[in-house]
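I have placed the structure first, in the form of structure tokens, so that the comments after it can refer back to it.
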Amino acid sequence: MDLVLISVEPKPICRILDYGKFKYDRKKKNKEIKEKQTVIQNREVRLTAMIADNDLNTKARKAREFLLKGDRIKVSLKLRGREIGRKDLGFNTLEKFFALLEDVAEKTTEPKLVNERFLDMNLQPNKQKIQKYLKEKNLETNQETKEGELNAKNEN
């Protein structure tokens, strides 16, 4: 048994208890608190102004995965060569990219020119939109499995 100082602030509080057990309990509580905290990561997706549609769809699919996990996304677009004079192409590409993710994301910042060569836009997950998206996706998969079962029965 040891005399342990519990808190100092308002009035010093001391208790007589097993110090080893006290340290163990405190460590366990801190570990539980740390596990309950959610970690939000910032991810970055890089685009170019003249990106092809399929490449844009691939980047959007990966960004959707990040958003569904709860991560924030920074979309940066690099302007090269003559594209610097055609900033409207970059803004259009960013708007096209956001249109692909509109069902799960919301803009935290509008597309803006950071310096002469970069355009940036920040996206974050919208929980209501994500829930609606997941419900629709579950309905689609349920219908597909039912259709598959019917086709399997008809073949037999």
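Residue 24 in the UniProt record's numbering sits at position 24 of the sequence shown, with consecutive numbering throughout.
Where is the CB? At the ideal position from N, CA and C, for every residue including glycine.
For residue i, is the classification buried or exposed, using 16 other Cβ atoms within 10 angstroms of its Cβ as the cut-off for buried?
{"i": "residue 94", "result": "buried"}
{"i": "residue 134", "result": "exposed"}
{"i": "residue 61", "result": "exposed"}
{"i": "residue 80", "result": "exposed"}
{"i": "residue 1", "result": "exposed"}
Check for me: the alpha helix (DSSP H) holding residue i runs from which residue to which?
{"i": "residue 74", "result": "No alpha helix (DSSP H) contains residue 74, which is instead part of the beta strand (DSSP E) from 72-78."}
{"i": "residue 35", "result": "19-36"}
{"i": "residue 95", "result": "87-101"}
With respect to the beta strand (DSSP E) encompassing residue i, which residues constitute its N-terminal and C-terminal limits?
{"i": "residue 63", "result": "Residue 63 -> not in any beta strand (DSSP E); alpha helix (DSSP H) instead, spanning 53-69."}
{"i": "residue 112", "result": "105-113"}
{"i": "residue 43", "result": "42-48"}
What is the C-beta distance between residue i and residue j, in whole angstroms, given that I count them as a contact (C-beta under 8 Å)?
{"i": "residue 117", "j": "residue 78", "result": "6 Å"}
*If you pair each beta-carbon of the region 19-27 with each one of the region 54-65, do three or more pairs fall below 8 Å?*
Because the criterion of three Cβ pairs below 8 Å is not met, the region 19-27 and the region 54-65 do not touch.
_Segment contact flag, the region 89-106 with the region 61-79, C-beta cutoff 8 Å, min 3 pairs_ = Remark: three or more beta-carbon pairs, one from each stretch, lie closer than 8 Å, so the region 89-106 and the region 61-79 are flagged as touching.
_Would the region 125-136 count as touching the region 57-70 if we require 3 or more Cβ pairs under 8 Å?_
Under the three-pair Cβ rule at 8 Å, the region 125-136 counts as touching the region 57-70.
*Validate contact between the region 5-14 and the region 35-53 using beta carbons, cut 8 Å, 3 pairs*: By the C-beta criterion, the region 5-14 is judged not to be in contact with the region 35-53, since fewer than 3 inter-stretch pairs fall below 8 Å.
*Fully enclosed by the region 110-142, which alpha helix (DSSP H) runs are 4 residues long or longer?*
You should have found no qualifying run.
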